[in-house]
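Residue numbers (my numbering), protein chains in the order written: chain U, 28 to 145; chain G, 964 to 1260. Positions of the beta carbon are idealized from the N, C-alpha and C atoms, including for glycine.
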Amino acid sequence: MAMTLDWEQALARVDGDEKLMQELIGVFFEEYGSLVKQMQKAMQQRDADALRRAAHTLKGSVAVLGAEALTVAAEHVEDLAKAGRLDETPEAFEQLLGEVEALIPELHKHLSQRRPSP
Amino acid sequence: MITALVADDSKVDQRFVGRLLETRSDMRVIYADNGQQALELIDHHDPGIVLTDMQMPVLDGLALVEAVRRDFPHIPVVLITAHGSEEAAAEALRRGAASYVPKRYLSRDLAPTVERVMAISGIERHQQKARECLVSTESRFVLDNDPSRIYPLVRYVRQDVARLDLCDKTALMRVGVALDEALRNAIEHGNLEIAGRPGDMDEVAYQQLLTRRRQVQPYCDRHVELIVRVTREKAEFIVRDEGKGFNLASVTSLRDPQRIETGVGKGLLLIHNFMDEVRFNEFGNQVTMIKHHDHAA
């Protein structure tokens, strides 16, 4: 079972640069809503290519943050869209939304630990 | 200050790469969400280097590499590769990319890769004049195991190749990268007998290991020889070290795209992609690389 957030591993990949990770979390907060909307729209319009692209973009973003479970969920949607199995995407998308919901508070924890800047 | 362009559909990945370039390579960074936007920005800002993700909407990394090679041949493109993009990355290397960095090693490998590519490509910007009466050159170099000699040597040799109008700027930059990798291999894996760098060893520890080896026998007595013969038809580069050689069978899968993500054998993979012919002697301590004239290839 993939972890919601493997913060240690994500930090290790940026050589322990917490400030950079917090900045990347901020970028993710600005970006994910639009990606989720793009995916919803693509499913409504049964546009497999648009769904695949948005899921791929989301996967890239959350992988950097160490969000393992959401990375797996986004990859699953991407794979289904790539295979044209659109009837199976609503369930995979629900799973993805669940992982987003679980991830947000975890990321907020690391933002709130930010030390006051000198 | 040099401008770098980062093309990636993920804003988080964009910022990650951008911040590394700003803080470690002292570059100004501009961002594109896809290949098409990247080309428009390149046209306006003339960046010194482009870093691109492979999978992007509208125009992907492979198409971007081809367009840059065609329209802006003096700008090197470095690929950022991820699991699943190995095939496309191998194709992009064949079509003109200067180097690549696996996404999982960005923090460790991006700055040294960018530095190396910039050092090698810089010379071409101001070298335009062809020496029409020159027919061929032949040079022989002998160097010790000090890697700081590699840059100046590669620059010198690139001028030889450029003077004879052998290939376009992109191919010339790639010849430089291949030669740099071959010399580095000869020193590190040949003369110093370091089999390979473990994935978890950082740059500082690796450099310390190299420095220690360089100072003790038998390693310190060994040299690398480089012979360069250039005509208007082809350039031949022979790199020979005095190490124990290596098992040729172990490098038979060099063109296998799956190797890209592992980072293992990167030097040899680049050499095979950037030179037209690559041969090893039976002991594995000498490599002969040939680059044909663009039109003869």
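Residue nearest to residue i in terms of C-alpha spacing, selected from the options
{"i": "Ile1157/G", "options": "Asp996/G, Asp1165/G and Asn1148/G", "result": "Asn1148/G"}
{"i": "Thr1076/G", "options": "Val1031/G, Leu1116/G and Val980/G", "result": "Val980/G"}
{"i": "Arg1057/G", "options": "Tyr1068/G, Asp1016/G, Leu1042/G and Pro1020/G", "result": "Leu1042/G"}
{"i": "Asn1248/G", "options": "Lys1229/G, His1255/G, Arg1203/G and Gly1230/G", "result": "Arg1203/G"}
{"i": "Phe1200/G", "options": "Val1179/G, Gln1170/G, Gly1208/G and Leu1146/G", "result": "Leu1146/G"}
{"i": "Val1031/G", "options": "Ser1070/G, Lys1132/G and Glu1050/G", "result": "Lys1132/G"}
{"i": "Ile937/G", "options": "Met964/G, Ala1198/G and Ala1055/G", "result": "For chain G, the structure presents residues 964 to 1260; residue 937/G sits outside this window and is missing."}
{"i": "Thr1044/G", "options": "Ala1026/G, Gly1059/G, Pro1036/G and Leu1014/G", "result": "Leu1014/G"}
{"i": "Val91/U", "options": "Tyr1182/G, Ala995/G, Tyr1068/G and Phe1237/G", "result": "Tyr1068/G"}
{"i": "Val1098/G", "options": "Lys1207/G, Thr1194/G, Gln1000/G and Gln999/G", "result": "Thr1194/G"}
{"i": "Glu128/U", "options": "Gly43/U, Val63/U and Asp42/U", "result": "Val63/U"}
{"i": "Asp4/U", "options": "Ser1062/G, Asp1016/G, Phe1035/G and Arg1071/G", "result": "Since the displayed chain U opens at 28 and closes at 145, residue 4/U lies outside it and no answer follows."}
{"i": "Met1136/G", "options": "Arg1103/G, Lys974/G and Arg1079/G", "result": "Arg1079/G"}
Per-residue contacts from residue i into chain U (C-beta, under 7 Å)
{"i": "Arg991/G", "result": "By Cβ distance, chain U contributes nothing, its closest Cβ being about 17 Å from Arg991/G, past 7 Å."}
{"i": "Gln1018/G", "result": "His83"}
{"i": "Ser1070/G", "result": "Arg40, Val41 and Asp42"}
Where residue i falls: helix, strand or coil (DSSP)
{"i": "Thr31/U", "result": "coil"}
{"i": "Lys86/U", "result": "helix"}
{"i": "Ala1260/G", "result": "At Ala1260/G the pLDDT is 45, less than 50, meaning the model places this residue with poor confidence; the figure from the coordinates comes in the next sentence. In the structure shown, Ala1260/G sits in coil (DSSP, three-state: anything other than H, G, I, E or B)."}
{"i": "Ile1012/G", "result": "strand"}
{"i": "Pro1039/G", "result": "coil"}
{"i": "Pro1065/G", "result": "strand"}
{"i": "Ala961/G", "result": "The requested residue 961/G is not part of the displayed model; chain G covers only 964 to 1260."}
Neighbouring residues, chain G, relative to residue i (Cβ below 8 Å)
{"i": "Ser2/U", "result": "The displayed coordinates of chain U run from 28 to 145. Any statement about residue 2/U would go beyond what the structure contains."}
{"i": "Glu58/U", "result": "Ser973, Lys974 and Val975"}
Boundaries of the beta strand (DSSP E) in which residue i is found, first to last residue
{"i": "Met1252/G", "result": "Gln1249 to His1255"}
{"i": "Ala995/G", "result": "Arg991 to Ala995"}
{"i": "Glu1240/G", "result": "Glu1240 to Phe1243"}
{"i": "Val1193/G", "result": "Val1187 to Thr1194"}
{"i": "Tyr1119/G", "result": "No beta strand (DSSP E) holds Tyr1119/G; the alpha helix (DSSP H) holding it covers Ile1113 to Arg1126."}
{"i": "Tyr59/U", "result": "Here Tyr59/U belongs to no beta strand (DSSP E); instead the alpha helix (DSSP H) covers Glu45 to Gln71."}
Cross-chain neighbours of residue i in chain G, by beta carbon under 7 Å
{"i": "Arg73/U", "result": "Result: empty, since nearest Cβ-Cβ is about 18 Å, beyond 7 Å."}
{"i": "Arg112/U", "result": "The contacting residues do not exist; Arg112/U stays about 18 Å from chain G at best."}
{"i": "Val54/U", "result": "Lys974, Val975 and Arg978"}
For residue i, the first and last residue of its enclosing alpha helix (DSSP H)
{"i": "Ile1201/G", "result": "It is not in any alpha helix (DSSP H) - Ile1201/G instead sits in the beta strand (DSSP E) that spans Lys1197 to Arg1203."}
{"i": "Arg1103/G", "result": "Element bounds for Arg1103/G: not the alpha helix (DSSP H) but the beta strand (DSSP E), Ser1099 to Leu1106."}
{"i": "Met1136/G", "result": "Lys1132 to Asn1148"}
{"i": "Phe1237/G", "result": "Lys1229 to Phe1237"}
{"i": "Lys1207/G", "result": "Unbroken run through Lys1207/G: none, as it is neither H nor E."}
{"i": "Arg1032/G", "result": "Gly1024 to Asp1034"}
{"i": "Ala96/U", "result": "Glu95 to Lys109"}
Where residue i meets chain U, residues with beta-carbon distance less than 8 Å
{"i": "Phe979/G", "result": "Val41, Leu47, Leu51 and Val91"}
{"i": "Arg1067/G", "result": "Arg40"}
{"i": "Arg982/G", "result": "Leu47 and Glu50"}
Any non-hydrogen atom of the ligand ATP closer than 7 Å to residue i Cβ
{"i": "Glu121/U", "result": "With respect to the ligand ATP, the structure shown offers nothing to examine, as it has no ligands at all."}
Sufficient close CB pairs (3 or more, under 8 Å) joining the segment 986 to 996 of chain G to the segment 94 to 104 of chain U: no
Quick test of the definition: if touching needs 3 or more C-beta pairs under 8 Å, does the segment 1130 to 1145 of chain G touch the segment 1109 to 1120 of chain G? yes
Determine, using beta-carbon pairs with one atom in the segment 1183 to 1191 of chain G and one in the segment 1103 to 1114 of chain G, whether at least three such pairs fall under 8 Å. yes
When the Cβ atoms of the segment 107 to 123 of chain U are set against those of the segment 51 to 62 of chain U, are three or more pairs found closer than 8 Å? no
Give a yes or no on contact between the segment 1050 to 1064 of chain G and the segment 995 to 1006 of chain G, applying the rule of three or more CB pairs nearer than 8 Å. no
For the pair the segment 61 to 79 of chain U and the segment 114 to 133 of chain U, tell me if three or more CB-CB distances fall below 8 Å. yes
If contact is defined by three or more beta carbon pairs under 8 Å, each pair taking one atom from either stretch, is the segment 1022 to 1039 of chain G in contact with the segment 79 to 93 of chain U? no
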